[in-house]
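The listed protein sequences derive, respectively, from chains A and B. The numbering of the first sequence is the working numbering, which starts it at 36 and goes up by one. The numbering of the second sequence is the working numbering, which starts it at 36 and goes up by one. Using N, Cα and C, we set each Cβ at its ideal position, and we do this for glycine too. These figures come from a predicted structure and were not determined experimentally. Here the structure is laid out as structure tokens; the discussion comes afterwards.
Number of protein chains: 2
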Amino acid sequence: MNDDLNDLRRSLDNIDNALLYLIAERFRLTHRVGIYKRDNKLSPVDPQREAQQFKRIQATASRLGLDETVAHNLFRGLIDEVVEQHKKLQAKDS
Amino acid sequence: MNDDLNDLRRSLDNIDNALLYLIAERFRLTHRVGIYKRDNKLSPVDPQREAQQFKRIQATASRLGLDETVAHNLFRGLIDEVVEQHKKLQAKDS
Numbered sequence: 036m037n038d039d040l041n042d043l044r045r046s047l048d049n050i051d052n053a054l055l056y057l058i059a060e061r062f063r064l065t066h067r068v069g070i071y072k073r074d075n076k077l078s079p080v081d082p083q084r085e086a087q088q089f090k091r092i093q094a095t096a097s098r099l100g101l102d103e104t105v106a107h108n109l110f111r112g113l114i115d116e117v118v119e120q121h122k123k124l125q126a127k128d129s
Numbered sequence: 036m037n038d039d040l041n042d043l044r045r046s047l048d049n050i051d052n053a054l055l056y057l058i059a060e061r062f063r064l065t066h067r068v069g070i071y072k073r074d075n076k077l078s079p080v081d082p083q084r085e086a087q088q089f090k091r092i093q094a095t096a097s098r099l100g101l102d103e104t105v106a107h108n109l110f111r112g113l114i115d116e117v118v119e120q121h122k123k124l125q126a127k128d129s
């Protein structure tokens, strides 16, 4: 194996930057969702949508050989933060 | 605004799939790091490397307008899982 620790770490840093860009874009989109929900008097929490999301996340993780609990916990953290931000958006408006 | 909730959600689903692919690839790389560390008798935890990672993550998050605590917590979860996997790899070998 020609693997060198520093070489692997450079690849990890590249992937982490890509993850950060995607997560930043994800929050830009969920901010627009939050404004839509506020303007249309929709609840910040949508259990049906969440169930669909986690079903898809679980299926994709399984297909990719990614631990499903790890994937679940990561997206649980993201979605909880989105709900908090949407609650704040609605509180500001009231 | 032409924003439609379903349209935004389709974009979010695309981003989430991209995130899952990157995270799966990240664990493939960290698995190789784990094997390297096991074979070279290195500790699963490297506080100096972690400090560098979190410094870079914080700087990138700040530049992208991404909440630094959110970014920190997400990567804390990822890195904790990696350390657990590396500990298991080393335990298997002993």
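Rounded C-alpha distance that separates Gln125 (chain A) from Leu77 (chain A): If you number the first sequence from 1, residue 125 (chain A) lands on position 90. If you number the first sequence from 1, residue 77 (chain A) lands on position 42. Gln125 (chain A) and Leu77 (chain A): Cα-Cα distance of roughly 10 Å.
From Glu85 (chain A) to Asp42 (chain A), what distance separates their C-alpha atoms? Here residue 85 (chain A) corresponds to residue number 50 of the first sequence, with the count starting at 1. Here residue 42 (chain A) corresponds to residue number 7 of the first sequence, with the count starting at 1. Roughly 38 Å separates the two Cα atoms.
For Asn52 (chain A), the first and last residue of its enclosing alpha helix (DSSP H): Reading the first sequence from its first residue, position 17 is the one you call residue 52 (chain A). First-last of the alpha helix (DSSP H) with Asn52 (chain A): Leu40 to Asp74.
Name the two residues that bound the continuous alpha helix (DSSP H) containing Leu97 (chain B). Here the question's residue 97 (chain B) lines up with position 62 in the second sequence. With the sequence shown as reference, residue 97 (chain B) is identified as Ser, and Leu is not the correct amino acid for it. Its alpha helix (DSSP H) spans residues Pro82 to Leu99.
Interface residues of chain A around Asn108 (chain B) at Cβ under 8 Å? Along the second sequence, read from residue 1 onward, the residue named residue 108 (chain B) stands at position 73. Correct list: Gly112.
State yes or no: is the C-beta of Asp99 (chain A) within less than 8 Å of the C-beta of Leu47 (chain B)? By 1-based counting over the first sequence, the position of residue 99 (chain A) is 64. By 1-based counting over the second sequence, the position of residue 47 (chain B) is 12. The amino acid at residue 99 (chain A) is misidentified as Asp; the sequence shows Leu. It is not a contact, given that the beta carbons lie outside the stated cut-off.
Return the residue from the list B:Asn52, B:Ala96 and B:Gly69 that minimises the CA-CA distance to Lys90 (chain A). Position 55 of the first sequence, counted from the first residue, corresponds to residue 90 (chain A). Of B:Asn52, B:Ala96 and B:Gly69, the residue nearest in Cα terms is B:Asn52.
Assuming contact is defined by CB atoms lying nearer than 8 Å, are Ile50 (chain B) and Leu57 (chain A) in contact in what I supplied? By 1-based counting over the second sequence, the position of residue 50 (chain B) is 15. By 1-based counting over the first sequence, the position of residue 57 (chain A) is 22. Yes, the Cβ-Cβ distance between Ile50 (chain B) and Leu57 (chain A) is below 8 Å.
Return the CA-CA distance between Glu119 (chain B) and Thr65 (chain A), expressed in angstroms with no decimal places. Position 84 of the second sequence, counted from the start, is the residue given in the question as residue 119 (chain B). Position 30 of the first sequence, counted from the start, is the residue given in the question as residue 65 (chain A). Approximately 32 Å, taken between the alpha carbons.
Can you list, in chain order, the residues of its chain with a C-beta nearer than 7 Å to that of His121 (chain B)? Leave out the 5 residues immediately preceding and following it. Along the second sequence, read from residue 1 onward, the residue named residue 121 (chain B) stands at position 86. Here the set comprises Gly69, Lys72 and Pro79.
Spatial distance of Gln83 (chain A) from Gly112 (chain A) (CA atoms): For the purposes of this step, residue 83 (chain A) is identified with residue 48 of the first sequence, where counting begins at 1. For the purposes of this step, residue 112 (chain A) is identified with residue 77 of the first sequence, where counting begins at 1. Going from the Cα of Gln83 (chain A) to the Cα of Gly112 (chain A) covers about 18 Å.
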